[in-house]
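*Asks:*
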Amino acid sequence: MEHLGALLFLLGGLGALAHICEITEVDSTLVERLGQCLLPWMDRLSPEQLNPSIYVGLRLSSLQAGAKEAHYLHSLKLSYQQSLLRPDSSEDGSDSEAKPSMGQLALYLLALRANCEFVGGRKGDRLVSQLKRFLEDEKGAIGSNHQGHPRTSYYQYGLGILALCVHQKRVHDSVVGKLLHAMEHERHLRQDHVSVDTMAMAGMAFSCLELSNLNPNQRNRINLALRRVQEKILKAQTPEGYFGNVYSTPLALQLLTGSLRPTVELGTACLKAKAALQASLQHKTFQNPLMISQLLPVLNQKSYVDLISPDCQAPRALLEPSTEILPQTQVPEFIDVMLKVSGISPSYRHSVSVPAGSSLEDVLKNAQEHGRFRYRTQASLSGPFLTSVLGKKAGEREFWQVLQAPDTPLQQGIADYRPKDGETIELRLVGW
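Here it is as structure tokens:
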């Protein structure tokens, strides 16, 4: 009978495992290739190119970059500490060395925690105070009746709360309450579409708050909101297995792999997502450093929430630069891309000829250099995004949407997407 009891206990444990979200046994060669994509970015040490997410992603992965990691963290510290000494940027944003955004500052605090450092001292206190001021300003923009919106996004708002939480820094209940209300009433939606990455980031903030119990008065709301976020993300899974799309799936999996609410639905959904990710890795879908840095922790069964208590002694394989020889392919010397602008008057339509393999950003630059087309971008950690086209700047609750004609939104940024010969790209000013 004792043996039977032990067997039933073991089988029960195996059944429970089917309810857990695990992304295991991914081809190590594919994981290594992802990490190798980050190595060249770690040599880009100018303030505008430093990306704390790269450091965080590597530290939570099964890979390491050796001495490059320490050098990169040192460069991050110099840049972010010096940024506090600079005056505020001008109103028109012309200061080329503007202070870090709320999202950038939050990621920097995550990078410190990824090295097992708690923010402290006079400089550290200033960083914490700055991030708390960002959150208070955003809380004011949302308003007491919740009818407003953050000046940045609920994604950055959630990231800010998460960054302070992993450093055991409490924010006021009212700040947490704004994010809770947004998830409860879907105030984060853009054009009625569920934003999976925003929900995932909010969910990780809630997970950290639940585990650390920094806001005990909000505990019941946090618990319910976390359950709701998980349910919404699972419902957003596509037939292919992605949560939202391929690029929002890593953050969704960061939340789901750390879920304390295992279900059969969760286990099944994660198996589908694993299969989809394997296919995307085979096709080298992930090229953007921010997206890679969000995926690497998932492939090591880690998430940003693990920065509450990071394991800085865990063994990690040393990355070597890639020696892969790219195959020589026959491609046309030039391609033609039709560039179209809509949502403003007058509209614009013009064919642009660029070398094969050019990015969409190259297409826009070519159109600007050789015609009446004009555009402006703003830098972000995921790459440049459009802020103005033909002199029309996106206003409050507006943005320039980039589509493959006739109506397919691009999932990649303008620096990453490479148009095909004969393709039509539309830039459309839309409200949300």
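According to mature numbering (1 follows the signal peptide of the UniProt record, and there is no 0), the stretch in the sequence shown is residues -18 to -1, 1 to 414, in order. From the three backbone atoms N, C-alpha and C, an ideal C-beta is built for every residue, glycine too.
#1: Give a yes or no on contact between the segment 11 to 25 and the segment 236 to 252, applying the rule of three or more CB pairs nearer than 8 Å.
#2: Run through DSSP, which three-state label would Arg410 get?
#3: Beta strand (DSSP E) containing Phe367: first to last residue?
#4: Which ranges would you report for the alpha helix (DSSP H) in the segment 307 to 355 if only whole runs of at least 4 residues count?
#5: Do the CB positions of Leu117 and Asp288 come within less than 9 Å of each other?
#6: As an exercise, report each continuous alpha helix (DSSP H) stretch of at least 4 residues that is fully enclosed by the segment 87 to 174, in chain order.
#7: Between Glu343 and Ile396, what straight-line distance do the alpha-carbon atoms span, to the nearest angstrom?
#8: Could you name the residues of the same chain whose beta carbon sits closer than 6 Å to that of Glu73, not counting the 5 residues immediately before and after it, in chain order?
#9: Pop quiz: Arg356 and Gly377 are said to be a contact at Cβ under 8 Å. What is the actual Cβ separation, rounded to whole angstroms?
#10: In whole angstroms, give me the CA-to-CA distance for Asn97 and Gln219.
#11: DSSP three-state call for Phe268: helix, strand or coil?
#12: May I ask you to list the residues that DSSP assigns as paired with Trp382?
#13: Within a Cβ cutoff of 8 Å, which residues of the same chain sit near Ile204, ignoring the five residues on either side of it in sequence?
#14: What did DSSP end up calling Gly75 once you bin it into helix, strand or coil?
#15: Let me check understanding here. Comparing Cα to Cα, which of Ser44, Leu21, Asp25 lies closest to Asp293?
#16: Run through DSSP, which three-state label would Leu45 get?
#17: Can you tell me whether Pro279 is helix, strand or coil according to DSSP?
#18: In terms of residues, what are the limits of the beta strand (DSSP E) holding Arg15?
#19: In terms of residues, what are the limits of the alpha helix (DSSP H) holding Thr359?
#20: Quick one: using the 10 Å Cβ neighbour count with 16 as the cut-off for buried, is Trp414 buried or exposed?
#21: By how many angstroms is the C-alpha of Lys375 removed from the C-alpha of Thr369?
#22: Could you pull out every residue in the same chain whose Cβ sits closer than 6 Å to the Cβ of Tyr399, ignoring the five residues on either side in sequence?
#23: Using only the alpha-carbon positions, how far apart do Tyr54 and Tyr330 sit?
#24: Taking only three categories from DSSP, how would you classify Ser206?
#25: Quick check: the Cα distance between Leu144 and Val334, rounded to an integer number of angstroms?
#26: Please check the pair Gly39 and Leu300, which I expect to be a contact at CB under 8 Å, by giving their CB distance rounded to whole angstroms.
#27: At the level of alpha carbons, what is the spacing between Ser76 and Leu346?
#28: Which residues mark the beginning and the end of the alpha helix (DSSP H) in which Pro198 is found?
#29: Measure from the alpha carbon of Leu141 to the alpha carbon of each residue in Glu315, Ser126, Ala93, Leu32, then state which is nearest.
#30: Flag His128 as yes when its Cβ comes closer than 8 Å to any non-hydrogen atom of the ligand NAD, and as no otherwise.
#31: From Ala182 to Thr390, what does the alpha carbon distance come to, in whole angstroms?
#32: By alpha-carbon positions, which one of Tyr137, Val110, Ser156 ends up nearest to Gly125?
#33: Using alpha carbons as the reference points, say which of Leu237, Glu247, Ile317 lies closest to Lys284.
#34: Can Phe225 and Val178 be called in contact, C-beta distance under 9 Å?
#35: Can the beta-carbon of Ile317 be found closer than 9 Å to that of Leu16?
*Replies:* In terms of the structure at hand:
#1: Verdict: no, contact absent.
#2: In this structure, DSSP gives Arg410 an extended state, which the three-state scheme calls strand.
#3: Where Phe367 is concerned, the enclosing beta strand (DSSP E) stretches over 367 to 371.
#4: Under the rule that a run must span 4 or more residues, the alpha helix (DSSP H) segments found entirely inside the segment 307 to 355 read 342 to 351.
#5: Contact flag unset, no.
#6: Those alpha helix (DSSP H) runs which fall completely within the segment 87 to 174 and span 4+ residues are 103 to 124, 136 to 148, 155 to 166.
#7: Roughly 5 Å between the two C-alpha positions.
#8: Confidence at Glu73 is low in this model, with a pLDDT of 42, below 50, so the placement of that residue should be treated as unreliable; the coordinate-derived value is given next. Cβ neighbours of Glu73 beyond the five flanking positions: none.
#9: Contact between Arg356 and Gly377 does not hold, since the beta-carbon distance rounds to 17 Å and is not under 8 Å.
#10: One C-alpha to the other measures close to 33 Å.
#11: Three-state result, Phe268: coil.
#12: Trp382 pairs with Leu411.
#13: The residues are Val158, Leu162, Phe188, Leu191, Glu192, Asn197.
#14: Low confidence applies to Gly75: its pLDDT is 43, below 50, so where it sits in the model is not reliable, and the reading given next is rough at best. Secondary structure of Gly75 (DSSP, three-state): coil.
#15: Nearest of Ser44, Leu21, Asp25 to Asp293, Cα basis: Ser44.
#16: In the three-state DSSP reduction, Leu45 falls in the strand class (E or B).
#17: In the structure shown, the three-state DSSP call for Pro279 is helix.
#18: Counting along the chain, Arg15 falls outside any beta strand (DSSP E), though it belongs to the alpha helix (DSSP H) covering 10 to 20.
#19: In the DSSP assignment, Thr359 falls outside any alpha helix (DSSP H) and within the unbroken beta strand (DSSP E) covering 357 to 360.
#20: Of the residues assessed, Trp414 falls on the exposed side of the cut-off, its CB having fewer than 16 other CB atoms within 10 angstroms.
#21: Their Cα atoms are separated by approximately 6 Å.
#22: Within the same chain, Cβ atoms closer than 6 Å to the Cβ of Tyr399 are found at Leu342, Leu392, the five residues on either side in sequence being excluded.
#23: Computed Cα separation, rounded: 43 Å.
#24: The sequence shown places Leu at residue 206, not Ser. Note: Leu206 maps to helix in three-state DSSP.
#25: If I take the Cα positions, the gap works out to 44 Å.
#26: No, Gly39 and Leu300 are not in contact; Cβ-Cβ is about 16 Å, not under 8 Å.
#27: With a pLDDT of 42 at Ser76, under the threshold of 50, the modelled position of that residue is not reliable, and the figure given next carries that caveat. Near 21 Å, if we compare the C-alpha coordinates of Leu346 and Ser76.
#28: Counted as a single uninterrupted DSSP element, the stretch harbouring Pro198 is not any alpha helix (DSSP H), since DSSP gives it neither H nor E.
#29: Comparing Cα-Cα distances from Leu141 to each of Glu315, Ser126, Ala93, Leu32, the minimum goes to Ala93.
#30: Only the bare structure without any ligand can be found here, which leaves the ligand NAD out of the picture.
#31: Note on geometry: alpha-carbon atoms of Ala182 and Thr390 lie some 24 Å from one another.
#32: The shortest C-alpha separation from Gly125 is found at Ser156.
#33: Out of Leu237, Glu247, Ile317, Leu237 has the C-alpha closest to the C-alpha of Lys284.
#34: When the beta-carbon positions are compared, Phe225 and Val178 come within less than 9 Å of each other.
#35: Taking 9 Å as the Cβ cut-off, Ile317 and Leu16 do not qualify as a contacting pair.
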